[in-house]
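Enquirer: Chain order of the listed sequences is E and D. Going left to right, the first sequence walks through residues 0 to 536 as numbering that gives the first Met the number 0 numbers them. Going left to right, the second sequence walks through residues 0 to 536 as numbering that gives the first Met the number 0 numbers them. Idealized CB from N, CA, C, for every residue including glycine. All values derive from a computational prediction rather than experimental measurement. Can you keep this structure in mind? I'll have questions shortly.
Number of protein chains: 2
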Amino acid sequence: MANRTIVILGGAFSGPTAAAHARETDANARIILIERSAAISYAVGGLPYVLSGEVPESASIVPVDAAFFQRDYDVDVRTGVDVVRMDADRHQVHTSAGVLDYDSLIYALGAGSTMPPVFGAEADNVSFLRNPAHLQKIMAALKAGARHVAVVGGGYFGVEAADCLARRGVRVTLIEQGPKLLAEFSPWAAARAAQSLVEQGVEVRLNASITQVNRQGGRVTGLDLGAQSLDVDLVLLTTGVRPRTEIFAAAGGLVLDDGSIAVDDRCTTNLPDVYATSICVSHRHAVTGKPVWTAQASDADKTAQVAGQNAAGGDVRLGPTLGTAIVRAGNLHLARTGSTQLGGRRDVARVQVSGTSCDPFFRGSDSLDVTLYYERRSERLVGAEVVGHAGVDKRIDVLATAVLAKMNLARLGQLDLAYSPPYATARDIVNVAAVVGQQAKRVRMWQPAELEQRAAGTVVLDVRDEAERAARPFEAPAVSLREIRSNKAEFDKHATVVFVCETGRSSYLAACAAVQRGCPGAGYVSGGLRAVRALSL
Amino acid sequence: MANRTIVILGGAFSGPTAAAHARETDANARIILIERSAAISYAVGGLPYVLSGEVPESASIVPVDAAFFQRDYDVDVRTGVDVVRMDADRHQVHTSAGVLDYDSLIYALGAGSTMPPVFGAEADNVSFLRNPAHLQKIMAALKAGARHVAVVGGGYFGVEAADCLARRGVRVTLIEQGPKLLAEFSPWAAARAAQSLVEQGVEVRLNASITQVNRQGGRVTGLDLGAQSLDVDLVLLTTGVRPRTEIFAAAGGLVLDDGSIAVDDRCTTNLPDVYATSICVSHRHAVTGKPVWTAQASDADKTAQVAGQNAAGGDVRLGPTLGTAIVRAGNLHLARTGSTQLGGRRDVARVQVSGTSCDPFFRGSDSLDVTLYYERRSERLVGAEVVGHAGVDKRIDVLATAVLAKMNLARLGQLDLAYSPPYATARDIVNVAAVVGQQAKRVRMWQPAELEQRAAGTVVLDVRDEAERAARPFEAPAVSLREIRSNKAEFDKHATVVFVCETGRSSYLAACAAVQRGCPGAGYVSGGLRAVRALSL
């Protein structure tokens, strides 16, 4: 049998990974990698951190040596070549440097940034931040003295770029047309991200539409946001990316509405012997079972391994995605995994707890918040959000693993995590969140914001002692834990009753006792009056 | 029905936790907590970190206010009371302050330090480090000018104490009678811990038996280690703890050989209505299914919740333990989970990989090593060890979750963990370890140390290029990847063949190609010659 020919379309991150895995699987295949730019491999995710100096410029913009790739992996790397079209029936791909026959094709063209219509044409001081060429353009502008940078688009990349530019010391305005940053996060988390960026020195403009772009010569000099005008030296466009799947679609390939290619768990497509990887593909979500386009490098790495091996005759399977993601916004870290949209779903509940990254007495201990989303009936975890100043990445990874494993709250509450004072609390916040979620079966847990929005007829009772009530007044009748426990407290047991205290601890105990004393509607406010007061800060 | 009486024996950590959970479950029970010392609640794990100043002295030795516990939880706290004996038939417990009847008893007496026989009686400057009184004694000695401290026993507590004392700036000698520190860790990891402590300024003495203790008045002045003698100002004994289960056993309670009480998943014991918690209990190991005594606070917390709720009429279940643990030794962090003893088990394999805590170009990125233990046939993860300078706690917790979930290597390799340059690599080291483990199915992976110990007849081949071979000579015939792939390399394909290169990457590819070319015994050295050279540093 003649050697198999594998053609890979696209460099950057996924193409080279797929090539390496194809080579491991088949030592004799002819492997050709086509890339239109000069750099065959670079990490998109590192680019913002060059702006802050946390990644050296050299590391990010020097491409991996194509010669090395050719020697060790015996991959025929052809840079500066454009893909023109695919002919799936003939197993051919047309490029700017001629026609190639293939036995297997790996489609890895990634995603391209979208230009907001108001910007129209290119400009000297307007750039995306998706490849080393963009970075060079931005760094040149900064070194030439750009003092005010507008970042347009408040998704992951916009938040990272704004954060990193602020760390560099330039004035940054982050412009988002929607009501919140970071669409995948809860409004509460997104608001904390915005606040943290403000503390970092970023001007955050939400609900801000750019109505006009002012130009002078080849440069953009200002942006009109309705009545307001903003003078700018440099504009970074981070409004989003779109899968580069036109060539695939033109060859008869099926793409979803979002433009992505939904691959199966072998990374095949509807075109014969065509595999797909990179951030142009969707794959199965672990919770919903539906294809989801995450545009994450970690997912691209996984599809690249699978596509590379299978295109070379292997038979490996892709795991589902959880859409796990983490982003830094100033000194705050925000992470999510799984399914965190309640939407109208009444079968999914959420529980949010505050805690510390490690033993609260240990130097450097810092606060963090964990929110779990779980199915009410089975109590299986379906998603999580973690926000805080330390230890966020650890908790989200544990929770991602638990979501994939379909753990329920009981299992998660008892999960044996590593404890020692510098690293965690003996009952880690992940355990705590699960335990509190289970307690919510016994008594209703109110979120602080719900207290304000309570229905008429709700009975609010204050279980704090006299000194606490005097120090921090709150308008609600007082009742003592002792009175509730001994059944001497007088309140309407058929009503919806919510107990409050400073931290939520005594009021939780009050609610437990009240339920046991025949008041099924008893509940408490999670985090207590301290959390309620924090809402209005 | 009269109110249930629940008697809890033991404060510290588990007793109060059990009391709180009992109260949540039954608002009306009479709950009595007996504790012999004056402090009802303190965290043993925090004590060493007071020595280094990372936990303030006040935080650790001020007991939680018993009055608060009485008010909020309505628990009758009786400190300064000794437990004398239990009468299980009569449901009574005899104490130094009289006899108590119980409906449910929670046994939570923890574990006590063991005095090495050579030390015999107490001394003014010899102390354990298990409670606030010990800490006070040690701090007083340090403040009085103790300059040389001997820490006797190289387990978790000994390593932590030595590390923290060295951080304080005193001279520390850590004495361990066995050949290595940290019995639960691999010899490789334990050696790294010792090395790291040495770098922190600790004198580490392994295989060191104390043959004589020299005294002057009420003080110990020196320790003889065979021929050598060591002058000391203060001695910390961390040789181990023993479950305090004599009273339980005397009442007919069953204890294991190690002295621990093996509870079932409701935390009951063989005595009627007697539950057990704290670090005196064993419970089921997730991998082996056998009871294991971990003496970890995180396990004690879990049994305390379950014992407390069930003793109050609840019905909750304990999750299995994994023996997850983490310890700091100088600037090194070491963690383990699950089953990490190969022993003679041929059905369990291990794979070890080196990597970085986050994107290698990102400021602060540091090295770490992950070792996975998995069943050969099912490739299910059964245990893991993680050693490194950053991100160790995250990886061990992810792996603990994966062990509990019985994930296999394929699942773990594809696990969707959170990626962004400050936190991880796009393919996290946990994924990498699983992927490399799977690769070991294709080609044999040699550990660096195995190369030295290879059997006669093993063929070693060097796949580096001429320049690399000239720069760092290694005595083995050269062969090129191209020759292997094109089947032109001349070597005995029936032999055990091991390829080497600088990093392990080219040699892995060479082994893949050789296997595909009819050499089933081909393998490579994990980490390459760089790792081999590191062995002799």
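Run through chain E and tell me which residues come within less than 7 Å of V397/D, C-beta to C-beta.
Expert: D396, V397 and T400
Enquirer: Considering just the uninterrupted stretch of the alpha helix (DSSP H) at D100/E, what are its terminal residues?
Expert: No alpha helix (DSSP H) holds D100/E; the beta strand (DSSP E) holding it covers G97 to D100.
Enquirer: How would you list, in chain order, the residues of chain D whose beta-carbon sits under 7 Å from the beta-carbon of G258/E?
Expert: For G258/E, no chain D residue has a Cβ inside 7 Å of its Cβ, as the nearest lies near 22 Å away.
Enquirer: Of all the options R532/E, C500/E, I39/E and Y507/E, which has the alpha carbon lying nearest to the alpha carbon of E549/E?
Expert: Because chain E in this structure spans residues 0 to 536, residue 549/E falls outside the shown range and cannot be described.
Enquirer: What residues are listed by DSSP as bridge partners for H147/E?
Expert: Paired residue(s): R170/E.
Enquirer: Which residues in chain D have a C-beta closer than 9 Å to the C-beta of M85/E? List them in chain order.
Expert: Simply none; closest approach about 27 Å.
Enquirer: In whole angstroms, what is the alpha-carbon distance linking Q194/E and H133/E?
Expert: 28 Å
Enquirer: Would you say P290/E lies against chain D (beta-carbon separation less than 8 Å)?
Expert: no
Enquirer: What in chain D is Cβ-close to P421/E, meaning under 9 Å?
Expert: Y48, E53, I325, R327, H332 and D392
Enquirer: Within this structure, are the beta carbons of L32/D and A18/D separated by less than 8 Å?
Expert: yes
Enquirer: Give me, in chain order, the residues of the same chain whose beta-carbon lies closer than 6 Å to that of Y155/E; leave out the 5 immediate sequence neighbours on both sides.
Expert: V326
Enquirer: At a threshold of 7 Å, does T302/D count as lining the ligand FAD (C-beta to nearest heavy atom)?
Expert: Within the structure as shown, the ligand FAD is missing, as the structure has no ligands at all.
Enquirer: State the DSSP-derived secondary structure class of Y418/E, mapped to helix, strand or coil.
Expert: coil
Enquirer: Which residue spans inside the region 200 to 275 of chain D form an unbroken beta strand (DSSP E) run of at least 3?
Expert: 202 to 204, 211 to 215, 218 to 224, 227 to 230, 233 to 236, 240 to 242 and 273 to 275
Enquirer: Using beta carbons (cut-off 8 Å, strictly below), is C518/D in contact with chain E?
Expert: no
Enquirer: Taking all protein chains shown into account, decide if Q227/D is buried (16 or more other Cβ within 10 angstroms of its Cβ) or exposed.
Expert: exposed
Enquirer: Please check if any C-beta of chain D sits within less than 8 Å of the C-beta of L584/E.
Expert: The structure shown has nothing for residue 584/E, since chain E only spans 0 to 536.
Enquirer: Does DSSP put W187/D in a helix, a strand or coil?
Expert: Look at W187/D here: in three-state DSSP terms it is helix.
Enquirer: For E34/E, count neighbouring Cβ atoms within 10 angstroms of its own Cβ and tell me buried if that reaches 16, exposed if not.
Expert: buried
Enquirer: Sort G97/E, L164/E and A37/E by Cα distance to G52/E and report the nearest one.
Expert: G52/E has its Cα closest to that of L164/E, out of G97/E, L164/E and A37/E.
Enquirer: Can you check whether the CB of T320/E is closer than 8 Å to the CB of T293/E?
Expert: yes
Enquirer: Would you mind telling me which residues of chain E sit closer than 8 Å to T320/D, beta carbon to beta carbon, in chain order?
Expert: D415
Enquirer: Assuming I5/D is part of the beta strand (DSSP E), what are its boundary residues?
Expert: T4 to L8
Enquirer: If you drop the 5 nearest sequence neighbours on each side, which residues of the same chain put their C-beta closer than 8 Å to that of A417/E?
Expert: A423
Enquirer: Got a sec, what are the start and stop residues for the beta strand (DSSP E) E384/D sits in?
Expert: L380 to G387
Enquirer: Under 8 Å, Cβ to Cβ, is there at least one residue of chain E near I60/D?
Expert: In this prediction, I60/D has a pLDDT of 49, which is less than 50 and means its spatial position is unreliable; nothing more can be read from the coordinates.
Enquirer: Could you check if K289/E is buried or exposed, using at least 16 other CB atoms within 10 Å of its CB as the buried criterion?
Expert: Using a 10 angstroms sphere on the CB of K289/E, the tally of other CB atoms stays under 16, which defines it as exposed.
Enquirer: Determine, for Y418/E, whether the minimum Cβ-Cβ distance to residues of chain D falls below 8 Å.
Expert: yes
Enquirer: Please look up how many angstroms separate the CB atoms of A311/D and R3/D, rounded, as I've assumed it's under 8 Å.
Expert: Confirmed, about 7 Å.
Enquirer: What residue from D298/E, L380/E, L50/E and V499/E has the CA that sits closest to R129/E's CA?
Expert: L50/E
Enquirer: Is there a Cβ from chain D that is less than 8 Å from the Cβ of A1/E?
Expert: no
Enquirer: Would you kindly report the start and end of the unbroken beta strand (DSSP E) that includes G111/D?
Expert: A110 to S112
Enquirer: To the nearest angstrom, how far is the alpha carbon of R394/E from that of D88/E?
Expert: 48 Å
Enquirer: Can you give me the Cβ contacts of A530/D inside the same chain, cut-off strictly under 6 Å, excluding the 5 residues immediately before and after it?
Expert: Taking C-beta separations shorter than 6 Å and ignoring five residues to either side along the sequence, the partners of A530/D in its chain run P447, following chain order.
Enquirer: Tell me which residue opens and which closes the alpha helix (DSSP H) that L367/D is part of.
Expert: Note, L367/D: premise wrong, no alpha helix (DSSP H); beta strand (DSSP E) at S366 to E374.
Enquirer: Quick one: what does DSSP say A11/D is sitting in, helix, strand or coil?
Expert: coil
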